[in-house]
Amino acid sequence: MRNLCVIGAGYVGLTTGACFADLGNRVTLLDIDEPRIQSLRAGQMPIYEPGLEELVRRNVKFDRLTFTTDYAEALADAEFVFIAVNTPSRADGGADLRYLQSAAASIARHLTHPLIIINKSTVPVGAGDLVADIIAQHKRNGATVSVVSNPEFLREGSAIADFLNPDRVVFGSRDPEAAQRVAQLYLPLRARIMITDLRTAELIKYASNAFLATKISFINEIAAICEKLGADVKEVAEGMGLDKRIGRAMLDAGLGYGGSCFPKDVKALEHMAAAAGCHPQLLRAVMEINQDQRWQIIRKLKDVLGDLRGKSIGLLGLAFKPNTDDMREAASVDIAQMLQAEGARVKGYDPVSMAVAAKAMPEMLLCEDPYELAERCDAVIVVTEWNEFKQLDLERLKRSMKKPVLVDGRNIYDPEKMDELGFIYLGTGRGYPMDDITSILSVHPEPVEGSQRGSRLHRHQPLGRAHAVQGHADLWQGRD
Ligand code: UDX
Ligand code: UDX
Numbered sequence: 020m021r022n023l024c025v026i027g028a029g030y031v032g033l034t035t036g037a038c039f040a041d042l043g044n045r046v047t048l049l050d051i052d053e054p055r056i057q058s059l060r061a062g063q064m065p066i067y068e069p070g071l072e073e074l075v076r077r078n079v080k081f082d083r084l085t086f087t088t089d090y091a092e093a094l095a096d097a098e099f100v101f102i103a104v105n106t107p108s109r110a111d112g113g114a115d116l117r118y119l120q121s122a123a124a125s126i127a128r129h130l131t132h133p134l135i136i137i138n139k140s141t142v143p144v145g146a147g148d149l150v151a152d153i154i155a156q157h158k159r160n161g162a163t164v165s166v167v168s169n170p171e172f173l174r175e176g177s178a179i180a181d182f183l184n185p186d187r188v189v190f191g192s193r194d195p196e197a198a199q200r201v202a203q204l205y206l207p208l209r210a211r212i213m214i215t216d217l218r219t220a221e222l223i224k225y226a227s228n229a230f231l232a233t234k235i236s237f238i239n240e241i242a243a244i245c246e247k248l249g250a251d252v253k254e255v256a257e258g259m260g261l262d263k264r265i266g267r268a269m270l271d272a273g274l275g276y277g278g279s280c281f282p283k284d285v286k287a288l289e290h291m292a293a294a295a296g297c298h299p300q301l302l303r304a305v306m307e308i309n310q311d312q313r314w315q316i317i318r319k320l321k322d323v324l325g326d327l328r329g330k331s332i333g334l335l336g337l338a339f340k341p342n343t344d345d346m347r348e349a350a351s352v353d354i355a356q357m358l359q360a361e362g363a364r365v366k367g368y369d370p371v372s373m374a375v376a377a378k379a380m381p382e383m384l385l386c387e388d389p390y391e392l393a394e395r396c397d398a399v400i401v402v403t404e405w406n407e408f409k410q411l412d413l414e415r416l417k418r419s420m421k422k423p424v425l426v427d428g429r430n431i432y433d434p435e436k437m438d439e440l441g442f443i444y445l446g447t448g449r450g451y452p453m454d455d456i457t458s459i460l461s462v463h464p465e466p467v468e469g470s471q472r473g474s475r476l477h478r479h480q481p482l483g484r485a486h487a488v489q490g491h492a493d494l495w496q497g498r499d
């Protein structure tokens with residue numbers, strides 16, 4: 020059993036603290052937010068993360084997990100201090116290190132004995148050295164401190180499983196012995212451990228998130244190509260993913276990435292690279308494509324509905340991804356703002372993030388369930404792929420809509436079935452609209468009969484859907 024302190028009881032700190040306590044350590048979780056600590060003491064979670072409440076409750080009960088706002092108390096017996104405070108984006112794209120600096124200074128002021136400080140937060144390359152400098156500047160005695168970078172790779176919604184079954188755990192330090200000691204905390208997980216230098220560990224985190232974001236933007240670009248060429252991006256991703264060198268993960272086309280990490284980490288890496296004199300053009304393209312995914316929805320809606328002024332649009336799902344209530348950089352926020360700027364009325368529904376949504380988007384009308392959301396809507400947009408949306412009574416949904424337009428921003432429905440149900444179904448990269456099929460075919464004058472491409476075109480009848488999109492005006496007659 021080791022004594023640990025975790026600073027920051029957010030998504031990362033709370034998960035990390037609770038999991039280390041569950042591995043048998045004694046953990047003190049510190050947060051400067053007094054109400055947050057009080058509610059944690061009362062057994063209430065400040066965030067929605069599956070399994071977290073039970074994990075916290077169990078470890079509080081066995082006295083392995085305590086909460087405080089007091090640095091002196093938190094550090095009294097600690098051997099290891101994890102910093103997991105937030106590191107948001109600054110206006111120029113760089114990482115805002117205010118909270119990290121403040122945590123480091125507070126540790127230094129309360130330092131009474133040697134400590135290992137571990138940076139869990141995603142921080143720019145060099146921030147480990149910055150923490151060491153701050154400690155040296157503010158400490159009031161000769162207690163020694165080593166700084167270790169141990170970046171988090173926890174996905175919201177599956178953070179506990181990711182902590183307990185990591186693909187790898189990375190450590191970097193100028194003090195290899197300190198890195199070894201931190202690595203030992205993870206030994207019960209039997210995970211692959213990589214120990215490297217401080218700056219390399221810091222960069223591994225950014226490079227990993229930037230690469231995953233690149234995969235997403237790549238498949239989104241392919242989706243746009245699919246729409247023009249009549250292919251189905253879901254099957255393209257499937258086919259690509261079977262190649263072990265590529266892998267199927269992070270190839271779901273749609274509204275693009277959001278959340279507390281990818282947007283800020285890609286931005287911060289681009290900022291760091293540019294400041295260092297590099298030319299990070301790939302990272303810039305990744306961000307541009309991601310932003311464009313949001314705009315595409317507006318363009319598609321305008322294709323179908325014309326002017327959006329006064330139109331009623333329902334957003335199905337508001338969280339940045341399923342199984343979380345987090346709405347940081349969520350596609351729903353961007354899309355709602357874009358729609359409102361076009362004069363549309365926007366409604367929303369989400370299974371768990373309604374309270375967060377009420378604060379983040381006070382002007383949005385929040386509905387009780389998907390059917391209430393769809394009532395009198397000119398279009399419904401699937402923004403978050405919650406499982407419960409996959410089995411909706413779509414006929415009922417359609418009956419209550421003013422116009423049967425369903426924009427599937429996460430490709431959860433089958434285009435053919437949606438056609439059969441009478442929806443004007445607009446997925447992402449699902450082979451429509453085929454505005455220029457003849458010119459494409461003329462480039463390949465002799466298509467092989469019955470080829471994959473030919474049969475696919477036939478099965479999904481994209482020309483029919485394209486026609487439906489272009490000829491939408493006829494379909495609305497009598498519905499307004
Ligand atoms: C984390 C990381 O630390 C960030 O770098 C990573 O890239 C994404 O995930 P997250 O856990 O999502 O951040 O942050 P958040 O949920 O905002 O929680 C941070 C907590 O730290 C808050 O509860 C805040 O009150 C607390 N905090 C902040 C402190 O205790 N001390 C401070 O000085 C600042
Ligand atoms: C991410 C990292 O994956 C994790 O390792 C850690 O560093 C924190 O940041 P998280 O943001 O919780 O985790 O979620 P993730 O599942 O990675 O999804 C991020 C965003 O990408 C979501 O908005 C999701 O909808 C989107 N996404 C994901 C896609 O658009 N397509 C995909 O194929 C996968």
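Going by my numbering, the first residue of the sequence shown is number 20, and it counts up by one from there.
The beta carbon of each residue, even a glycine, is placed where N, CA and C say it ideally should be.
- Along the beta strand (DSSP E) that carries Arg267, what are the first and last residues, could you check? Here residue 267 refers to the residue found at position 248 of the sequence shown. Segment: none, Arg267 is in no beta strand (DSSP E) and carries neither H nor E.
Practice item. Could you name the residues of the same chain whose beta carbon sits closer than 6 Å to that of Pro185, not counting the 5 residues immediately before and after it, in chain order? Key: Position 166 of the sequence shown holds residue 185. Excluding residues within five positions, the ones whose Cβ falls inside 6 Å are Ala210.
Going along the chain, which residues of its own chain have a beta-carbon closer than 7 Å to the beta-carbon of Ala377, five neighbours each way excluded?
What you label residue 377 is simply residue 358 of the sequence shown in a count that begins at 1. Around Ala377, the same chain offers Leu385 as residues with beta carbons nearer than 7 Å, after the five sequence neighbours per side are excluded.
Checklist entry - With burial defined as no fewer than 16 other Cβ atoms inside 10 Å of the residue's Cβ, what is the status of Ala93: buried or exposed? => result If you number the sequence shown from 1, residue 93 lands on position 74. The residue in question, Ala93, is buried, as its Cβ has 16 or more Cβ neighbours within 10 Å.
- How many Å lie between Ser372 and Phe339 at the Cα? For the purposes of this step, residue 372 is taken as the residue at position 353 of the sequence shown. For the purposes of this step, residue 339 is taken as the residue at position 320 of the sequence shown. So the two alpha carbons sit approximately 10 Å from each other.
Worksheet entry | Proximal residues to Arg449 (C-beta, below 6 Å), its chain only, five neighbours per side dropped | Position 430 of the sequence shown, counted from the start, is the residue given in the question as residue 449. Excluding sequence neighbours, Arg449 sits near Asp251 and Pro434.
- In the structure shown, what three-state DSSP assignment does Arg45 receive? Counting from one through the sequence shown, the residue named residue 45 turns up at place 26. Residue state, collapsed to three classes: strand.
Hey, Asn78 and Asp50: beta-carbon distance below 8 Å or not? Reading the sequence shown from its first residue, position 59 is the one you call residue 78. Reading the sequence shown from its first residue, position 31 is the one you call residue 50. No, the pair does not count as a contact, with Cβ atoms beyond the cut-off.
Evaluate Ser331 with the Cβ neighbour count: other Cβ atoms within 10 Å of its Cβ, from every protein chain shown; 16 or more gives buried, anything less gives exposed. Along the sequence shown, read from residue 1 onward, the residue named residue 331 stands at position 312. So Ser331 counts as buried.
Next on the checklist: Suppose the cutoff is 8 Å on Cβ atoms and the five residues either side in sequence are ignored; what does the same chain contact list for Ala415 look like?
Outcome noted: Mapped onto the sequence shown, residue 415 falls at position 396. Per the sequence shown, the amino acid found at residue 415 is Arg instead of Ala. In chain order, Tyr390 place their CB closer than 8 Å to the CB of Arg415, counting only its own chain and leaving out the 5 sequence neighbours on each side.
Quiz item: Regarding Gly191 and ligand 1, is the C-beta to nearest heavy atom distance less than 7 Å?
Solution: The residue given as residue 191 occupies position 172 in the sequence shown. Not under cutoff, so the answer is no.
Chain-order list of residues whose beta-carbon lies under 8 Å from that of Pro299 (same chain, five-residue window excluded)
For this step, residue 299 is matched to residue 280 along the sequence shown. Leu288, Glu289, Ala292 and Ala293, listed in sequence order.
| task | For Leu231, I'd like the list of residues in its chain whose CB is within less than 6 Å of its CB, leaving aside the five on either flank, ordered along the chain. | result | Sequence index remark: in the sequence shown, residue 231 carries index 212 (1-based). Result list for Leu231: Met269, in chain order.
- Please name the residue in Met420, Leu149, Ser279 and Leu23 whose C-alpha comes closest to that of Ala95. The residue you call residue 95 lines up with position 76 of the sequence shown. Ranking Met420, Leu149, Ser279 and Leu23 by Cα distance to Ala95 puts Leu23 first.
- Item | Simplified DSSP state of Ser331, which is helix, strand or coil | As a position in the sequence shown, residue 331 is number 312, starting the count at 1. Strand.
Ordered list of beta strand (DSSP E) runs contained in the stretch 357–385, each at least 3 residues:
364–368
| request: Name the two residues that bound the continuous beta strand (DSSP E) containing Leu130. | output: Locating residue 130 in the sequence shown gives position 111, counting from the first residue. Run containing Leu130: none; DSSP gives neither H nor E here.
Report task. Could you say which of Pro381, Val201, Val365 and Leu173 lies nearest to Leu183 if we only look at CA atoms? Result -> The residue given as residue 183 occupies position 164 in the sequence shown. Comparing Cα positions, the closest option is Leu173.
Query raised in the report: Hey, which unbroken runs of the beta strand (DSSP E) at 3 residues or more fall wholly within the stretch 274–336?
Result: 331–335
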